[in-house]
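A.B. asks: In the numbering used here, the protein residues as written are 840 to 1247.
Just so it is clear, CB atoms sit at the ideal spot from N, CA and C, and this is done for glycine as well.
Take a look at this one; I'll ask things after.
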Amino acid sequence: MKKFLAVLSTLVMLGTLASCGGTTSTSDSDAGATPSSNTESKTDAKTDDSSESKSDESSSSGGKTVGIAMPTKSLERWNRDGEYLKDQFEAAGYSVELKYSDNDTNQQNNDIQGMIADKVDLLLIAAIDGNTLSQTLADAKDAGISVIAYDRLIMNTDAVSYYVSFDNYTVGKLQGEFVRDQLKLDSEAGPYNIEFTAGDPADNNAGFFFNGAYDALKSYIDDGKLKIPSGKTKFEQVATPTWSTDTALENMQNTLASYYSDGTQLDVALCSNDSTALGVAQAISSDYSGKNTVIVTGQDGDIANLKNIVDGKQSMTVYKNVNDEAAATLEVAKSVLSGQTPDASLLSNIKAEAAYDTESYDNGVKVVPSYLLVPYVITKDNLDLLVETNLYKWDSDNKYLESTAETT
C-alpha cells in the first residue's frame, strides 16, 4: 500500500494523471500527437503563466522526442498505457509521438518507420508480434535510435536495449496459487476439474503467464487432485490468437460441449487475461449446465471484468499498475536519453517494487536487461486498492468501478 501511495505522489508531482480523452480519431494510427503538433502546442504555451516551468522541463529533457508504439485501442489496457506514458513523458519535458497500430503488424512496422523518419530520439514499443520487427528495428539501430521494449519482449534483434515489464511468470504463478488456495489443494482430496485458456502465441509474455500458472499447479495435476478432462495441457492447445474474447468464448463453448455435457463438473477456468476471461465467463453463463460457481481467473483489471468480479462471474484478476510501469519506464528512458547506461543502481529511482534481471529474457539474439515490477491479486474484497491508484473510481451507487479516464 505504501508503494502505491509513493508512486501516486510521484505521478501527482509530475502532473501525469490526466484523462485519456484527447484522442478521438477513429483511426488508431492517427490517435497520437505528432512531433510537429507537440512543438506547436509548446510554442503556444509560452504565452501563458507556466512558460518558465515548461522551459525548464524542456531544458532538462534536451528537447528530445520519444516515439511510443502501442498495439491497439481495442483493448482497454493499451489505452491506459499509451495515454499515461504520453502524459508522463510530456510532463517531464519530452515531445511525444504516440501511435496505436490496430493489432496490424504491417501497420506497426509502418508506424515505427514513420517515427524513425521523424528522427525521434527513443523508441518505446509494445509489440503486436515480437517476431515481426527485426528489420524495422535494424533501421532504428542504424539511425542511432535506442529501443525500449515495453511490457512485451521484442524477439530476434540486437536493437533492443532494455525491457520494462512486470514479472510475467509471477502473473501466472499468482493465478495458480489463487486456485490452490481457493480449492484448499494442500488439505482437500479432490479431485477437481480445471481447464486452461492461454494468450496470444505472438505475445512472448503469453508463454510466461501459462507456464507460471501451470507450474504452480503441476504437482496437484500429477497426483490427480486436479484433472483436465479435455487433455489440453500444452500452451499451443489452449492459446488464443490476439487475446480475442470471441475466440475464447467459442473455444470454451466447444470444450463444455465436448467434455462437460454429461454432468461433469467444471471447477476452474484458468484464463491468462481479462479479455479471454470475459469470453470464458460468457460461455460458462450460457453453456455450462453445472450448478456450482466456477473459479475464473484473469489479468489486467478491465472494467467489464471488475464488474464480473462484483457479480461473481469472475473470481480474481492480476493487476499490473500502469502508473508503476510508466514511472519505471520514464526512469529508464531518462537514463538512456542522457547517455547513461542503466543498471541495477537505477532501482533506487523506481518507487515501486521492482527487480533488475539480466538472465531471464533471451530474445533469440541477446539477453535483454530487464526491469520487472511486481503484480498483485485483486478480488471483490480489495477493489479499493484500484481506487487508490486514481485510475478507477466507484460509480454513483458505490457498487461497480469505473475508469477515471474520459475515454477507454
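Helix, strand or coil, according to DSSP, for Thr1036 in the structure here?
C.D. replies: Reduced to three states, the DSSP call for Thr1036 is strand.
A.B. asks: Cα separation between Ala945 and Ala1122?
C.D. replies: For the record, residue 945 in the displayed sequence is Asn; it is not Ala. Using only the alpha carbons, I get a separation of about 33 Å.
A.B. asks: So the alpha helix (DSSP H) Trp917 belongs to, where does it begin and stop?
C.D. replies: Glu915 to Ala930 is the span of the alpha helix (DSSP H), which, as asked, contains Trp917.
A.B. asks: May I ask you to report which of helix, strand or coil DSSP gives Met1155?
C.D. replies: Coil.
A.B. asks: Is there a C-beta anywhere in chain B that falls below 7 Å from the one on Asp1196?
C.D. replies: No chain B is present in this structure, which holds just one protein chain.
A.B. asks: Go ahead and label Asp920 buried or exposed: buried means 16 or more other beta carbons lie within 10 angstroms of its beta carbon, across all protein chains shown.
C.D. replies: It counts as buried.
A.B. asks: With a CB to CB cut of under 7 Å and the five nearest residues on each side skipped, what residues in its chain are close to Thr1094?
C.D. replies: So the qualifying residues of the chain are Glu1034 and Ser1069.
A.B. asks: Tell me, to the nearest whole angstrom, how far the beta carbon of Tyr989 is from that of Thr1197; I am working on the premise that it is less than 8 Å.
C.D. replies: Rounded, the Cβ-Cβ distance is 18 Å, inconsistent with contact.
A.B. asks: Give the DSSP-derived three-state secondary structure of Thr1086 in the structure shown.
C.D. replies: Residue state, collapsed to three classes: helix.
A.B. asks: Where Thr911 and Tyr1031 are concerned, what is the direct C-alpha to C-alpha distance, given to the nearest angstrom?
C.D. replies: Roughly 37 Å between the two C-alpha positions.
A.B. asks: If you draw a straight line from the alpha carbon of Asp1150 to that of Asp1236, how long is it in whole angstroms?
C.D. replies: One C-alpha to the other measures close to 14 Å.
A.B. asks: Can you name, in chain order, every residue of its own chain whose Cβ lies under 6 Å from the Cβ of Leu924, other than the five neighbours on each side?
C.D. replies: Hits under 6 Å: Ile907 and Ala1165.
A.B. asks: Let me confirm a value: Ser1253 is counted as buried when at least 16 other C-beta atoms fall within 10 Å, else exposed. Which label applies?
C.D. replies: Nothing can be reported for residue 1253: it is not among the residues displayed for the chain, which extend from 840 to 1247.
A.B. asks: Let me know if Glu1170 comes out buried or exposed under the rule of 16 or more other beta-carbons within 10 Å of its beta-carbon.
C.D. replies: Glu1170 comes out buried.
A.B. asks: May I have the straight-line CA-CA distance separating Gln1138 from Asn1160, to the nearest angstrom?
C.D. replies: Each residue's alpha carbon lies about 11 Å from the other.
A.B. asks: In terms of residue numbering, what span does the beta strand (DSSP E) encompassing Val1107 cover?
C.D. replies: Per DSSP, Val1107 belongs to the beta strand (DSSP E) from Val1107 to Cys1110.
A.B. asks: Evaluate Gly1118 with the Cβ neighbour count: other Cβ atoms within 10 Å of its Cβ, from every protein chain shown; 16 or more gives buried, anything less gives exposed.
C.D. replies: Buried, because 16 or more other Cβ atoms sit within 10 Å of the Cβ of Gly1118.
A.B. asks: Please state whether DSSP places Gly1129 in a helix, a strand or coil.
C.D. replies: Note: Gly1129 maps to coil in three-state DSSP.
A.B. asks: When DSSP builds the beta bridges, which residues end up paired with Thr904?
C.D. replies: Answer is Ser934, bridged to Thr904.
A.B. asks: Helix, strand or coil: which one does DSSP assign to Ser1004?
C.D. replies: If DSSP states are grouped into helix, strand and coil, Ser1004 belongs with the strands.
A.B. asks: Which class does Met1250 belong to by DSSP, given the choice of helix, strand or coil?
C.D. replies: One cannot answer for residue 1250 here, as it falls past the ends of the chain, which runs 840 to 1247.
A.B. asks: Where do the ends of the beta strand (DSSP E) carrying Ala977 lie?
C.D. replies: Not the beta strand (DSSP E): Ala977 falls in the alpha helix (DSSP H), residues Ser973 to Asp981.
A.B. asks: Could you tell me the distance, in whole angstroms, from the CA atom of Asp1020 to the CA atom of Leu992?
C.D. replies: Approximately 31 Å between the Cα atoms of the pair.
A.B. asks: Assign Ala977 to one of two classes, buried (16 or more other C-beta atoms within 10 Å of its C-beta) or exposed (fewer than that).
C.D. replies: Its Cβ having fewer than 16 others within 10 Å, Ala977 is exposed.
A.B. asks: On the criterion of 16 or more Cβ atoms from any shown chain inside 10 Å, does Glu1075 qualify as buried, or is it exposed?
C.D. replies: Its Cβ having fewer than 16 others within 10 Å, Glu1075 is exposed.
A.B. asks: With burial defined as no fewer than 16 other Cβ atoms inside 10 Å of the residue's Cβ, what is the status of Thr1103: buried or exposed?
C.D. replies: Under this definition Thr1103 is an exposed residue.
A.B. asks: Just mark Val1226 as buried or exposed, buried being the case when its beta carbon has 16 or more other beta carbons within 10 Å.
C.D. replies: Burial call: exposed.
A.B. asks: Between Asp1201 and Ala1116, what straight-line distance do the alpha-carbon atoms span, to the nearest angstrom?
C.D. replies: Their backbone Cα atoms lie some 29 Å apart in a straight line.
A.B. asks: If we ignore side chains and look at the alpha-carbon of each, how far apart do Gly969 and Glu1016 end up?
C.D. replies: Between Gly969 and Glu1016, the C-alpha separation is close to 29 Å.
A.B. asks: Tell me which same chain residues have a C-beta within less than 7 Å of the C-beta of Lys1219, skipping the five on either side of it?
C.D. replies: Excluding residues within five positions, the ones whose Cβ falls inside 7 Å are Ile1148 and Val1149.
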